[in-house]
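Peer 1:
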Amino acid sequence: MQSFSIDNNGYYGEFGGAYIPEILQKGITDLEKAYLRIIESESFKQQFDSLLRDYVGRPSPLYHSEQLSKRFGGKIYLKREDLNHTGAHKINNVIGQILIAREMGKTRIIAETGAGQHGVATATVCALMQMPCTIYMGKTDVERQMPNVKKMEMLGAKIVAVTSGSMTLKDAVNEAIDDWCANPDDAHYLIGSAIGPHPFPDMVARLQSVISKEIKAQLLEKEGRNYPDYLIACTGGGSNAAGTIFEFLNDERVKFVFAEAGGKGIGTDKTAATMNLGSVGVLHGCKMLLLQTEDGQVIDTYSISAGLDYPGIGPLFAHLATEKRAKVFAINDDEALKAAFDLTRNEGIIPALESSHALAVLEKMQFSPDDVVVLTLSGRGDKDMETYLKYI
């Protein structure tokens, strides 16, 4: 059976690696040597588990939605990452990386954010750990995610609005990397997604794997078996999806279904459907699938969701898509909005726009009555209220 886990060189199949400037070589090498040793140490496990339990509020519930199950067939469960402290899955990874950075002697945190959930989580844990942080955010995202910007500022973070390029997540990553290049010794770049040079994609996936560990235990209690038939998640950078599937990567009984941002449609230039439309390229330190021109110029992307408009997809997902291990749907803005309002009015749960893309996948699937389906609700919709109000 083919393995979909990372290899010893930091690749998932042909995707991954570390394509970095020489100035970052030492920092990346030091992190690669340290992260597994730290993650697997008893002291890290105790601190990490304690904070996830007592600070974040884990385990997050696995909620059986009777109305979704009746409407779409199967037994549909929602993994409620929206109920975590700060309102999304992002805090799982942030706590882990800051503990690793602190163990390595780093004194400052750099981060990027699109929808703002990673930024809020980073600012929150930096306040908890009393570490200074600088968060880069595209000016476009600053304007459409103002509630999260104000939260980050209240928590003590320095926010830098990036005005280059499309002024979204890609450009925020560029600026964060530039900062890291200028301050490699004392700063840790806390990447929020399963992207970047090795070991970041693997480290983020491992820290988010608490999601799939809980799914296994919760399904055993609820269904008498520790695996689902389907796992569904949205993919921008891919951190919530990586955590959702990590424990099931090589379990052929489990089918993976991903939702990416179709924007105005994959036949338009207003899209971020990387796995449907991308080609092999290198961006932000790793080989991935990338939206680019024939001569390798990165194409500006679009999505109604600030967290899904990244022009690439992390190496794990590029590998899964290329090898047909996963089914990928490009969800248009209007489909995501409809799914968001349906869940709000039928379940009393207001999802984030990112999560709404995953919910919209249900309209495109056919399940048998005995299928067990777990959909990760990656975040709550507080940050997206201004957008939602335009369409009510």
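Start counting the sequence shown at 11; every next residue gets the next number (the working numbering).
The beta-carbon is built from N, C-alpha and C at its ideal position, and this holds for glycine as well.
The structure displayed is predicted, hence computed values, not measured ones.
1) What three-state label does DSSP hand N342 in the structure shown?
2) Measure the alpha-carbon distance for G97 versus D151 and round it to whole angstroms.
3) Determine the direct distance from the alpha carbon of Q107 to that of K337, and round the result to whole angstroms.
4) Is the CB-CB distance between L88 and S79 below 7 Å?
5) Where in the region 162-245 do unbroken runs of the alpha helix (DSSP H), each at least 4 residues long, occur, reported from the N-terminal end onward?
6) Name the residue from I110, L62, I201 and D92 whose alpha carbon lies nearest to the alpha carbon of N102.
7) For E32, count neighbouring C-beta atoms within 10 Å of its own C-beta (all shown protein chains included) and say buried if the count is 16 or more, exposed if not.
8) Let's test the definition: count the other Cβ atoms within 10 Å of the Cβ of A370 and tell me whether it reaches 16, buried, or not, exposed.
9) Can the beta-carbon of S222 be found closer than 7 Å to that of E185?
10) I'd like to know if the region 257-267 and the region 285-305 are in contact, where contact means that at least 3 CB-CB pairs between them fall below 8 Å.
11) Can you tell me the Cα-Cα spacing of G273 and G126, whole angstroms?
12) Would you tell me roughly how many angstroms separate the C-alpha atoms of G389 and F54, rounded to the nearest one?
13) Per DSSP, what kind of secondary structure is Y401 in: helix, strand or coil?
14) Label N18 either buried or exposed according to how many other C-beta atoms from any shown protein chain fall within 10 Å of its C-beta, with 16 as the threshold for buried.
15) Shortest alpha-carbon distance to I205 belongs to which of I187, Q140 and Y237?
16) State buried or exposed for E334, treating a residue as buried only when at least 16 other CB atoms are found within 10 Å of its CB.
17) Run through the DSSP bridge pairs and tell me what I108 is partnered with.
18) Pop quiz: I314 and L363 are said to be a contact at Cβ under 8 Å. What is the actual Cβ separation, rounded to whole angstroms?
19) With a 10 Å radius around its C-beta and 16 neighbouring C-beta atoms as the bar for buried, classify L200 as buried or exposed.
20) Would you identify the three-state DSSP class for P71, choosing helix, strand or coil?
21) Looking at the secondary structure, which residues open and close the beta strand (DSSP E) in which K89 lies?
22) Considering G37, what are the terminal residues of the beta strand (DSSP E) in which it resides?
23) Look up R335 in the DSSP assignment and say whether it is helix, strand or coil.
24) How about A197 and R112: are their beta carbons less than 7 Å apart?
25) Using a 10 Å radius around the Cβ and a threshold of 16 neighbouring Cβ atoms, would you call E345 buried or exposed?
26) For P71, which option in V384, T397 and Y398 has the closest C-alpha, if you only look at C-alpha atoms?
27) Rounding to the nearest angstrom, what Cα-Cα distance links I145 and G83 in this structure?
28) Spatial neighbours of E122 within its chain, please: CB distance less than 6 Å, with the 5 preceding and 5 following residues excluded, ordered by chain position.
29) Does the CB of F327 have a neighbour CB from chain D at under 7 Å?
30) Would L387 and E91 be called neighbours here (beta carbons separated by less than 7 Å)?
31) Leaving out the 5 sequence neighbours to the left and right, which residues in its chain are closer than 7 Å to G353 when beta-carbon positions are compared?
32) Could you tell me which of Y312, G317, P321 and N286 sits nearest to L301, measuring between CA atoms?
Peer 2: So, to answer that:
1) Here residue 342 refers to the residue found at position 332 when the sequence shown is read from its first residue. Here N342 sits in strand by DSSP.
2) Position 87 of the sequence shown, counted from the start, is the residue given in the question as residue 97. Position 141 of the sequence shown, counted from the start, is the residue given in the question as residue 151. One C-alpha to the other measures close to 18 Å.
3) The residue given as residue 337 occupies position 327 in the sequence shown. The residue given as residue 107 occupies position 97 in the sequence shown. In a straight line, the C-alpha of K337 is about 30 Å away from that of Q107.
4) The residue labelled residue 88 in the question sits at position 78 within the sequence shown. The residue labelled residue 79 in the question sits at position 69 within the sequence shown. The Cβ-Cβ distance between L88 and S79 does not fall below 7 Å.
5) 179-192, 210-218 and 220-233
6) Counted from its first residue, the sequence shown places residue 102 at position 92. The option with the nearest alpha carbon to N102 is L62.
7) Taking the first residue of the sequence shown as position 1, residue 32 is located at position 22. That one is exposed.
8) Translated into the one-based positions of the sequence shown, residue 370 becomes position 360. A370 comes out buried.
9) Mapped onto the sequence shown, residue 222 falls at position 212. Mapped onto the sequence shown, residue 185 falls at position 175. Contact flag unset, no.
10) no
11) As a position in the sequence shown, residue 273 is number 263, starting the count at 1. As a position in the sequence shown, residue 126 is number 116, starting the count at 1. For G273 and G126, the distance between alpha carbons rounds to 19 Å.
12) The sequence position of residue 389 within the sequence shown is 379, counting from 1. The sequence position of residue 54 within the sequence shown is 44, counting from 1. The straight-line gap from Cα to Cα measures roughly 26 Å.
13) Counting from one through the sequence shown, the residue named residue 401 turns up at place 391. It is helical.
14) Taking the first residue of the sequence shown as position 1, residue 18 is located at position 8. Looking at its Cβ environment, which holds fewer than 16 other Cβ atoms inside 10 Å, N18 is exposed.
15) For the purposes of this step, residue 205 is taken as residue 195 along the sequence shown, with counting starting at 1. Comparing Cα-Cα distances from I205 to each of I187, Q140 and Y237, the minimum goes to I187.
16) Mapped onto the sequence shown, residue 334 falls at position 324. According to the sequence shown, residue 334 is Lys rather than Glu. So K334 counts as exposed.
17) Here residue 108 corresponds to residue number 98 of the sequence shown, with the count starting at 1. Note: I108 sits in no beta bridge, so no partner.
18) Residue 314 sits at position 304 when you count from the first residue of the sequence shown. Residue 363 sits at position 353 when you count from the first residue of the sequence shown. Correct: roughly 6 Å between the Cβ atoms.
19) The residue given as residue 200 occupies position 190 in the sequence shown. The residue in question, L200, is buried, as its Cβ has 16 or more Cβ neighbours within 10 Å.
20) For the purposes of this step, residue 71 is identified with residue 61 of the sequence shown, where counting begins at 1. Correct three-state label for P71: coil.
21) Within the sequence shown, residue 89 is the residue found at index 79, counting from 1. Residues K85 to R90.
22) Residue numbering aside, residue 37 sits at position 27 when the sequence shown is read from its first letter. Element bounds for G37: not the beta strand (DSSP E) but the alpha helix (DSSP H), Q35 to I49.
23) As a first step, residue 335 is located in the sequence shown; it is residue number 325 there, counting from the start. DSSP places R335 in the coil class of the three-state scheme, outside both helix and strand.
24) Here residue 197 refers to the residue found at position 187 when the sequence shown is read from its first residue. Here residue 112 refers to the residue found at position 102 when the sequence shown is read from its first residue. Not a contact, by the Cβ cut-off of 7 Å.
25) What you label residue 345 is simply residue 335 of the sequence shown in a count that begins at 1. Classification of E345: buried, given that the 10 Å Cβ count is 16 or more.
26) For this step, residue 71 is matched to residue 61 along the sequence shown. Shortest Cα-Cα distance from P71 to any of V384, T397 and Y398 involves V384.
27) In the sequence shown, counting from the first residue as 1, residue 145 sits at position 135. In the sequence shown, counting from the first residue as 1, residue 83 sits at position 73. Those two C-alpha atoms are separated by around 42 Å.
28) Here residue 122 refers to the residue found at position 112 of the sequence shown. Cβ within range, chain order: Y146, A182, V183 and A186.
29) Among the chains of the structure shown, chain D does not appear; only one protein chain is present.
30) Start at 1 with the first residue of the sequence shown, and residue 387 comes out as number 377. Start at 1 with the first residue of the sequence shown, and residue 91 comes out as number 81. Contact: yes.
31) Residue numbering aside, residue 353 sits at position 343 when the sequence shown is read from its first letter. Note that residue 353 corresponds to Leu in the displayed sequence, not to Gly. So the qualifying residues of the chain are I359, P361 and L369.
32) Along the sequence shown, read from residue 1 onward, the residue named residue 301 stands at position 291. For the residues Y312, G317, P321 and N286, the minimum Cα distance to L301 belongs to P321.
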